[in-house]
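Report on one structure; see the data block that follows.
There are 2 protein chains.
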Amino acid sequence: MTAQRRVVAEVLDGEHVHLTADEVHSRAVAKLPEISRATVYNTLGELVSLGEVLEVATDKRAKRYDPNAHRPHHHLVCARCGAIKDVHPTGNPLADLPDSERFGFTVSDVEVTYRGVCPNCAA
Amino acid sequence: MTAQRRVVAEVLDGEHVHLTADEVHSRAVAKLPEISRATVYNTLGELVSLGEVLEVATDKRAKRYDPNAHRPHHHLVCARCGAIKDVHPTGNPLADLPDSERFGFTVSDVEVTYRGVCPNCAA
DNA sequence: CGGCCACCTTGGACGAAGTCTAAAGTCACA
DNA sequence: TGTGACTTTAGACTTCGTCCAAGGTGGCCG
Numbered sequence: 001m002t003a004q005r006r007v008v009a010e011v012l013d014g015e016h017v018h019l020t021a022d023e024v025h026s027r028a029v030a031k032l033p034e035i036s037r038a039t040v041y042n043t044l045g046e047l048v049s050l051g052e053v054l055e056v057a058t059d060k061r062a063k064r065y066d067p068n069a070h071r072p073h074h075h076l077v078c079a080r081c082g083a084i085k086d087v088h089p090t091g092n093p094l095a096d097l098p099d100s101e102r103f104g105f106t107v108s109d110v111e112v113t114y115r116g117v118c119p120n121c122a123a
Numbered sequence: 124m125t126a127q128r129r130v131v132a133e134v135l136d137g138e139h140v141h142l143t144a145d146e147v148h149s150r151a152v153a154k155l156p157e158i159s160r161a162t163v164y165n166t167l168g169e170l171v172s173l174g175e176v177l178e179v180a181t182d183k184r185a186k187r188y189d190p191n192a193h194r195p196h197h198h199l200v201c202a203r204c205g206a207i208k209d210v211h212p213t214g215n216p217l218a219d220l221p222d223s224e225r226f227g228f229t230v231s232d233v234e235v236t237y238r239g240v241c242p243n244c245a246a
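Quick mapping for you: the protein sequence lines, in order, are chains A and B.
The numbering of the first sequence is our numbering, which starts it at 1 and goes up by one.
The numbering of the second sequence is our numbering, which starts it at 124 and goes up by one.
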């Protein structure tokens, strides 16, 4: 646990939003000016493998990092402005995939992304 | 409808798999050597806005294009090799998102991505 | 204390994917 | 044939991410 890693963890923990790697880097730089992009990417990668943080790929642009990894949830994305909300649908999509539709895969995980238009963009 | 657009449409229609823009370009070049990358991107973009083709962003790498846009379906992705299968789960995830979880959004669409390991990679 | 080794960080180069732009080509139609 | 609208092209450019070699840092053991 180095100063750099602590800073990255703090940035993610501080704001419960979905930051891009670049945004994490900017905020990390504010706390520790010499931190490099490579270190931020490395640290984010480690946090992801440790299961502390989730990668979210809601749009084709940059990956986003979701510090809320311990509470299972899905995402609601604004098609217009890209805003992301965590949501908790009822039901279990894993149970909705019959064996005949699994093609022999060992299915371990499911991601649900709702798309729509947020109140701001609708106005 | 120009020769270039016809070729792109043929490539997508010919193979019911999920191609990246680059793969579409390579196959299009085989049929029409002078077609440019920009044209392929333009045409894919138009097909997407027309609703003829779906963009799929299952991994962080290249977008993939799914010609099977008229039959609603979701995707099963191999975490190891990236293979993608179309699947048809039972149930309607849109109905599983209560109003209280919609944050005022007008929700129009939902994408479900199952992740697992395919039989090939498991062996 | 001093040396050694493992690991971390840095900065810049590199690569992949996609977008943009200016110029040239093509087509319908009067 | 001339005109204007639209398309295509090639390549430059941007963005996002990864890689790598060099240097730094700290722990540990003698």
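In this text, a Cβ means the ideal position worked out from N, Cα and C, and glycines have one as well.
Determine the burial state of residue i: buried for a count of at least 16 other Cβ atoms within 10 Å of its Cβ, exposed for fewer.
{"i": "A/Gly14", "result": "exposed"}
{"i": "A/Cys118", "result": "buried"}
{"i": "B/Arg160", "result": "exposed"}
{"i": "B/Asp189", "result": "buried"}
{"i": "A/Thr43", "result": "buried"}
{"i": "B/Arg187", "result": "buried"}
{"i": "A/Leu50", "result": "exposed"}
{"i": "B/His141", "result": "buried"}
{"i": "B/Ala206", "result": "buried"}
Tell me whether the beta-carbon of residue i lies closer than 8 Å to the beta-carbon of residue j.
{"i": "B/Thr181", "j": "B/Val152", "result": "no"}
{"i": "B/Arg238", "j": "B/Ala202", "result": "yes"}
{"i": "B/Asn191", "j": "B/His148", "result": "no"}
{"i": "B/Val176", "j": "B/Arg150", "result": "no"}
{"i": "A/Ala62", "j": "A/Asp96", "result": "no"}
Of all the options the options, which has the alpha carbon lying nearest to the alpha carbon of residue i?
{"i": "B/Val235", "options": "A/Pro93, A/Ser108 and A/Cys121", "result": "A/Pro93"}
{"i": "B/Leu170", "options": "B/Pro156, B/Arg128 and B/Asn243", "result": "B/Arg128"}
{"i": "B/Phe228", "options": "A/Cys121, A/Ser108 and A/Val107", "result": "A/Cys121"}
{"i": "A/Val40", "options": "A/Ser108, A/Val110 and A/Ala9", "result": "A/Ala9"}
{"i": "A/Thr2", "options": "A/Glu23, A/Ile35 and A/Ser108", "result": "A/Ile35"}
{"i": "A/Thr20", "options": "A/Gly45, A/Leu97, A/Ser108 and A/Asp109", "result": "A/Gly45"}
{"i": "B/Leu155", "options": "B/Asp222, B/Glu178 and B/Val130", "result": "B/Val130"}
{"i": "A/Val56", "options": "B/Asp222, B/Lys183 and B/Val230", "result": "B/Lys183"}
Give, in chain order, every residue of the region 220-234 of chain B whose Cβ lies closer than 9 Å to some Cβ of chain A.
Leu220, Pro221, Glu224, Arg225, Phe226, Gly227, Phe228, Thr229, Val230, Ser231, Asp232, Val233 and Glu234
Return the residues of the region 40-61 of chain A that lie within a Cβ-Cβ distance of less than 9 Å from chain B, sorted by chain order.
Along the region 40-61 of chain A, the positions whose C-beta sits under 9 Å from a C-beta of chain B are Glu55, Ala57, Thr58, Asp59 and Lys60, read in chain order.
Using 8 Å as the Cβ pair cut-off and three pairs as the minimum, do the region 178-196 of chain B and the region 207-215 of chain B touch?
yes
Members of the region 129-152 of chain B that neighbour chain A once the beta carbon cut-off is set at 9 Å:
none
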